[in-house]
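In the working numbering, the protein residues as written are 201 to 539. Built from N, CA and C at the ideal position, the CB exists for glycine as well. See below for the structure under consideration.
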């Protein structure tokens, strides 16, 4: 049975930097790996556990690494074993949706765990979910086919580069979302509750993203140290240096977004307090203005004779007192910005 006939399995074989075979049977993988001139890629998407165990036994993969590739909640890491290196990273994608929708607090962040068994002459990738674009990975390998002569490091670089670029795109989308929140803070027509819900959702998405982005720095650093120790070809050094720079930038950008969303959250609370103070000042001012006619009419309503008692002159005098007093208070409060 060819690998093309097994759902979710893809294979490739290069020799001398040229692609010579695709979707060949999994039974041939070990034979190709034994060929010093061969470069092998095996891709398993959501593989059956028995299939993975059988392939691991054939290739001599460490049992602990195999279990880590299927375990839930595994963290981003790179572990070196006697015959291979095991790497776990997470591809990310932010689902599209209306940024103004405050009715859904569920996270839009989607992650796909990508595990890789890095062998001397090949790489086996195991992944789940829909956030990893394997077609983009193949396109990058095809665009840099001249680098295939350098073997497994080329395949690994392409894999990590696709993952890091996907994380960069997700970070950029979250940055745009936070900028939208900042604009909404000072919009007099924006609904405070909607901003609060959007801020909470972005904050939750950012926390989830940090968990998979921050450890990438250690993963790439370990790979670069391993290359330096074994004296691998210097032609790929600049490629890995550029990859490490992207990882550092993603880490720093993620940290800055964390500070930004915290600032948005605190600013929103401060603005609510300021708006409440403004409302209270206005209510207090109007209460003072209304208290004047209340006091005057109450005074003139007493049951004892007073100047103008029983005549239209008394009504006119009370009206003048009310108008002048209330008008004076209005002008004073208006100048002080209380109204």
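For residue i versus residue j, is the C-beta spacing smaller than 8 Å?
i           : j           : result
residue 339 : residue 406 : no
residue 331 : residue 324 : no
residue 460 : residue 378 : yes
residue 349 : residue 217 : yes
residue 362 : residue 342 : no
residue 292 : residue 366 : yes
residue 266 : residue 253 : yes
residue 492 : residue 516 : no
residue 233 : residue 224 : no
residue 541 : residue 312 : This structure gives no information on residue 541, because the portion of the chain shown stretches from 201 to 539.
residue 326 : residue 244 : yes
residue 337 : residue 359 : yes
residue 524 : residue 496 : no
What is the DSSP secondary structure of residue i, counted as helix, strand or coil?
i           : result
residue 202 : Low confidence applies to residue 202: its pLDDT is 47, below 50, so where it sits in the model is not reliable enough to give any reading.
residue 301 : The predicted position of residue 301 is uncertain, since its pLDDT is 47 and thus under 50; a value taken from the coordinates is nonetheless stated next. The answer is coil: DSSP assigns residue 301 none of H, G, I, E or B.
residue 317 : strand
residue 274 : coil
residue 332 : coil
residue 261 : coil
residue 312 : strand
residue 231 : helix
residue 444 : helix
residue 414 : coil
residue 491 : helix
residue 295 : coil
residue 459 : helix
residue 375 : helix
residue 208 : coil
residue 534 : helix
residue 246 : coil
residue 290 : strand
residue 238 : strand
residue 513 : helix
residue 527 : helix
residue 380 : helix
residue 451 : helix
residue 279 : strand
residue 358 : helix
residue 322 : strand
residue 306 : coil
Residues in its own chain within less than 6 Å of residue i by CB, not counting five upstream and five downstream?
i           : result
residue 401 : 305
residue 227 : none
residue 403 : 461
residue 424 : 440
residue 221 : 213
residue 436 : 350, 353
residue 422 : 278
residue 274 : 268, 288
residue 368 : 450
Please return the same chain residues whose Cβ sits closer than 8 Å to the Cβ of residue i, not counting the five positions on each side in sequence.
i           : result
residue 229 : 211, 240, 242, 255, 258, 259, 322
residue 263 : 256
residue 298 : Its pLDDT being 49, under 50, residue 298 is placed unreliably by the model, and the measurement read from it follows with that caveat. Result list for residue 298: empty, nothing under 8 Å.
residue 434 : none
residue 426 : 280, 285
residue 202 : Here residue 202 scores only 47 on pLDDT, less than 50, and its place in the model is too uncertain to base an answer on.
Near residue i, which residues of its chain fall below 7 Å by C-beta distance, leaving aside the five closest residues on each side in sequence?
i           : result
residue 276 : 288, 289, 290, 412, 415, 416, 419
residue 318 : 284, 285, 287, 352, 356
residue 364 : 416, 443, 446, 447, 450
residue 215 : 237, 238
residue 246 : 208, 328
residue 488 : 529
residue 472 : 392
Exposed or buried, residue i, counting other C-beta atoms within 10 Å across all chains shown (16 or more means buried)?
i           : result
residue 285 : buried
residue 373 : buried
residue 440 : buried
residue 449 : exposed
residue 409 : buried
residue 512 : exposed
residue 483 : exposed
residue 384 : buried
residue 278 : buried
residue 269 : buried
residue 354 : buried
residue 314 : buried
residue 535 : exposed
Since residue i and residue j should fall inside the 8 Å C-beta cutoff, what is the C-beta to C-beta distance between them, to a whole number of angstroms?
i           : j           : result
residue 395 : residue 477 : Not confirmed; about 19 Å, so no contact.
residue 399 : residue 464 : 6 Å
residue 310 : residue 295 : 6 Å
Shorter than 8 Å from the beta carbon of residue i to some beta carbon of chain C?
i           : result
residue 439 : You won't find chain C in this structure, because it holds only one protein chain.
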